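Have a look at the structure below before the remarks.
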Amino acid sequence: MCGIIGVTADPEVYGNVVPRLVEGLKLLEYRGYDSAGFALVECGTGRLVVLKDKGRIDDIVEKYRVTGYCAATGIAHTRWATHGAPSRVNAHPHMDCSGRIAVVHNGIIKNFAELRAMLEERGHRFQSETDTEVIAHLFEEYLRQGLEPLDAFRRLVSVVEGAYAIALIHLGEPSRIYFARNVSPLIIGLGNGFNAVSSDIPSLLPLTRRVLALRDGEYGFIEPYKVYIEYRGRPVAWSERVTHVAWSVEAASKGGYPHYMLKEIMEQPRVLYETYMGLLSSDEVQRAASLIASAGRVFITGAGTSYHAGLVFAYYMATVAGTPVYAFIASEHETYANLFDSDTVLIAVSQSGETIDTLQALRAARKRGSKIIAVSNVVASTIPRESDVAIYTRAGPEIGVAATKTFLTQVLALTLLSLEVARLRGAVSESMYSESVKRLADSGRKAGEGLERSSRQVERLVGLLKEVKSMYILGRGLGVPLALEAALKVKEVSYIHAEAYPAGESKHGPIALVEEGFPVIFIGADDGDMRDRLQSNVMEMKARGAYTVVVGSNAYSGMKGVDMYIGLGAFDELTAPYAVIPPLQLLAYKLAVALGRDPDKPRNLAKTVTVE
Ligand code: G6P
0 MCGIIGVTAD PEVYGNVVPR LVEGLKLLEY RGYDSAGFAL VECGTGRLVV LKDKGRIDDI
60 VEKYRVTGYC AATGIAHTRW ATHGAPSRVN AHPHMDCSGR IAVVHNGIIK NFAELRAMLE
120 ERGHRFQSET DTEVIAHLFE EYLRQGLEPL DAFRRLVSVV EGAYAIALIH LGEPSRIYFA
180 RNVSPLIIGL GNGFNAVSSD IPSLLPLTRR VLALRDGEYG FIEPYKVYIE YRGRPVAWSE
240 RVTHVAWSVE AASKGGYPHY MLKEIMEQPR VLYETYMGLL SSDEVQRAAS LIASAGRVFI
300 TGAGTSYHAG LVFAYYMATV AGTPVYAFIA SEHETYANLF DSDTVLIAVS QSGETIDTLQ
360 ALRAARKRGS KIIAVSNVVA STIPRESDVA IYTRAGPEIG VAATKTFLTQ VLALTLLSLE
420 VARLRGAVSE SMYSESVKRL ADSGRKAGEG LERSSRQVER LVGLLKEVKS MYILGRGLGV
480 PLALEAALKV KEVSYIHAEA YPAGESKHGP IALVEEGFPV IFIGADDGDM RDRLQSNVME
540 MKARGAYTVV VGSNAYSGMK GVDMYIGLGA FDELTAPYAV IPPLQLLAYK LAVALGRDPD
600 KPRNLAKTVT VE
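Residue numbering for the sequence shown follows numbering that gives the first Met the number 0, beginning at 0 and increasing consecutively.
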């Protein structure tokens, strides 16, 4: 995830935009901070100046004396590397061959490899490894072919595939910024004598409170006194869509949400899509799958939430790929040490890539000659660095201490991995494989749907649960790891005791605690396969006076003995995690707020634990 901003102004009215770009970019820093850069149309000389490097915005601004420059038009970028290590050459803005075009981009250009090959054949020389650079060369190519700049940009948008927010400037029209949006957010800020584009509203607030959120597929340009938007070749009437934002800059740095945790829960639909697109356009998953397919034994490890993602993987590997996977908690790795050998693959799951327990497990396996696959959200962190193959989730920086969006993106990456192994092992047909992969494109949509459908009942449930000291969260099959993750969230941020159990096992002990009003949440994580068996467990709990809640797909409606049913739409085991988990994360968050806890910084916890 990256942040982009562009400002173009009438210098007579507004003066120099450089300090505005710097200020706006710093407000986007939460989106990434491993490299940053600026492209400026310099006052007086009319030159295109590009200043960029690896590192923090402040350091780059100082090193290149950015604020010493004057410009009426400029674009800027702050990067959070997902693919391609942080470096000066991979930092944005990227330029064409002539040095007259500069572009910044957030997202992933899916077909960049073929576009690059086509452009190289036509003589374009590339500087970086990024997908973004093709945009600058493509625009240059169309101008060379004699297209007018707007036609060239229109053509570019029709050719480029994937998720993107783009801002582009060129010296042919020095006070114009072209923009395009698909999936990745892009906002226009409207001013007097200037206009701006940015990845989010907060970074525009020092400039203006009049904003317009672009919709998927829209593109166009801004000039100091003009905003022009098109959709599929037709001009868009946008004036009615302008809104006035009342946010303060401070609150808005969390994207308008009161807490990072809530913001991160809510952005799951987008980051799931970005992760999906990112993994499909790289070969990380394929490389990992071929290691697994030829291994004698497969282990998966992690701590906390990452371990739960490992359990989901083990579930799909057993049920879909027909391959046993041993999931263990990273700090327990010594138990398994004798089993690690050169015929073993260990998958180390860690959003931060730095958790010491997971790292120790990895090193223990590596020492015995095992192959290592990392699943991480932070490029070039220690765990992926010490692995044979690294699979990266594209969740963007997670600031709330309780992991939310990184969990579901890990689950998505690991599900794709299990499908790929199933394909290699011949456990699924080619057509079933591609149908399943295609369906996962909907994971983000399922998350959005789950949140929407459950919002009223989650509110009601918070009212009931905020008074209790303890609860159970039960499931069967895939519902077990999901229950474990939901219970962990509730504990972490609300400090209410929540215990997860396989529903069938609950009668072998936990049921002793159940008395009148004791809350038991059941998870129905499939299209009804487990319904009958879960029904018996609901009745057992109900008979002891429990307050029973069922959270599940449409197939779980109308069960007997249920006090509250939260229906999350139609899904099966493949897409269940995306529908089920966000409402339960939201429940944990809302319980914390209702009880006056700080969900972003729960007591005693740290985001990344680097001590044993
Ligand atoms: C800490 C955090 C947990 C997290 C775990 C693993 O304990 O508080 O929320 O799940 O570490 O973190 P990792 O970065 O390795 O996924």
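Glycine residues also receive a C-beta, built at the ideal position from the N, C-alpha and C atoms. Bear in mind that the values here come from a model prediction, so they are computed numbers and not experimental data.
Just to confirm the assignment, what range does the alpha helix (DSSP H) spanning residue i have?
i	result
residue 264	259-265
residue 23	17-26
residue 375	Where residue 375 is concerned, there is no enclosing alpha helix (DSSP H), although the beta strand (DSSP E) it sits in stretches over 370-375.
residue 547	It is not in any alpha helix (DSSP H) - residue 547 instead sits in the beta strand (DSSP E) that spans 546-551.
residue 398	Segment: none, residue 398 is in no alpha helix (DSSP H) and carries neither H nor E.
residue 141	132-143
residue 422	404-423
residue 579	575-593
residue 566	It is not in any alpha helix (DSSP H) - residue 566 instead sits in the beta strand (DSSP E) that spans 563-566.
Does the distance from the C-beta atom of residue i to that of residue j stay below 8 Å?
i	j	result
residue 176	residue 168	yes
residue 47	residue 38	yes
residue 558	residue 518	no
residue 366	residue 344	no
residue 596	residue 500	no
residue 540	residue 478	no
residue 544	residue 515	yes
residue 549	residue 523	yes
residue 413	residue 312	yes
residue 531	residue 575	no
residue 103	residue 162	no
residue 347	residue 390	no
Apart from the five residues on each side of it in sequence, which residues of its chain come closer than 6 Å, Cβ to Cβ, to residue i?
i	result
residue 310	326 and 480
residue 505	473
residue 426	320 and 321
residue 421	319, 320 and 427
residue 328	306
Near residue i, what residues of its chain come up, given a Cβ to Cβ distance below 8 Å and the 5 sequence neighbours on each side ignored?
i	result
residue 458	589
residue 41	47, 48, 68, 69 and 70
residue 538	559 and 560
residue 234	227 and 228
residue 272	162, 182, 440, 442 and 443
Per DSSP, residue i forms a beta bridge with which residues?
i	result
residue 100	169
residue 195	6 and 188
residue 238	Paired residue(s): none; residue 238 is not in a bridge.
residue 76	3 and 36
residue 53	34
residue 106	163
residue 177	167 and 220
residue 209	243
residue 41	70
residue 348	374
residue 48	39
residue 301	328
Note the first and the last residue of the continuous beta strand (DSSP E) segment covering residue i.
i	result
residue 501	496-501
residue 472	469-474
residue 217	217-222
residue 461	Counting along the chain, residue 461 falls outside any beta strand (DSSP E), though it belongs to the alpha helix (DSSP H) covering 442-464.
residue 519	518-523
In whole angstroms, what separates the C-alpha of residue i from that of residue j?
i	j	result
residue 445	residue 205	35 Å
residue 613	residue 358	As shown, the chain starts at 0 and ends at 611. That puts residue 613 outside it, with no answer to give.
residue 62	residue 194	28 Å
residue 51	residue 94	12 Å
residue 509	residue 442	33 Å
residue 265	residue 378	23 Å
residue 124	residue 151	19 Å
residue 408	residue 239	36 Å
residue 137	residue 304	42 Å
residue 350	residue 145	47 Å
residue 461	residue 208	34 Å
residue 33	residue 417	31 Å
residue 142	residue 489	56 Å
residue 276	residue 210	28 Å
residue 253	residue 433	38 Å
residue 415	residue 284	7 Å
residue 498	residue 436	33 Å
residue 400	residue 374	19 Å
Report all residues from its chain with a CB closer than 7 Å to the CB of residue i; omit the five preceding and five following residues, and keep chain order.
i	result
residue 423	288, 289 and 292
residue 453	565, 567 and 582
residue 465	590, 593 and 594
residue 17	39, 65, 66, 68, 69, 70 and 73
residue 467	495 and 518
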